[in-house]
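Everything below concerns the one structure shown next.
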Amino acid sequence: MAHPKRKISKTRRDKRRTHYKATAPQIAKDPTTGEAHLFHRAHWHEGKLYYRGQVLIDNTEEVEA
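Heads up, the sequence shown is in the UniProt record's numbering, so the first residue is 1 and it goes up one at a time.
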């Protein structure tokens, strides 16, 4: 198994990790419903699945047997 020849200092380790930052998720507003959701994600609103202002799935419709 490979082992480092020398210990990596805390400063050197932390310099490498400076670019790993948490970012706040971008929130979009649906033009049809006004619902807030994540960008490029479909979202449910009142039994319907919306994406880019269009209905993809409508669960409010009754299924006839």
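All C-beta atoms, glycine included, are put in the ideal place defined by N, C-alpha and C.
Identify, in the order they occur along the chain, each residue of the same chain with its Cβ nearer than 6 Å to the Cβ of THR60, setting aside the five sequence neighbours on each side.
-> Position 60 of the sequence shown, counted from the first residue, corresponds to residue 60. Once the five neighbours on either side are set aside, the close Cβ partners of THR60 are GLY47.
Could you give the C-beta distance for LEU49 and LEU38, rounded to a whole number, given that I count them as a contact under 8 Å?
-> Numbered from 1 along the sequence shown, position 49 holds the residue referred to as residue 49. Numbered from 1 along the sequence shown, position 38 holds the residue referred to as residue 38. 14 Å between Cβ atoms; not a contact.
Look at the alpha carbon of GLU35 and the alpha carbon of THR11, and state the distance between them as a whole number of angstroms.
-> Taking the sequence shown and counting its residues from 1, the one referred to as residue 35 is at position 35. Taking the sequence shown and counting its residues from 1, the one referred to as residue 11 is at position 11. Using only the alpha carbons, I get a separation of about 45 Å.
What's the gap between the Cα of ALA28 and the Cα of GLU62?
-> Mapped onto the sequence shown, residue 28 falls at position 28. Mapped onto the sequence shown, residue 62 falls at position 62. Straight-line Cα distance between these residues: approximately 31 Å.
Compare the C-alpha of PRO31 against each of LYS5, THR23, SER9 and HIS45 and name the closest.
-> Residue 31 sits at position 31 when you count from the first residue of the sequence shown. The residue with the shortest Cα to Cα distance from PRO31 is HIS45.
Might you give, ordered along the chain, the residues of its own chain that have their beta carbon closer than 6 Å to the beta carbon of GLN26, omitting 5 neighbours on each side?
-> Stepping through the sequence shown from its first residue, residue 26 is reached at position 26. So the qualifying residues of the chain are PHE39.
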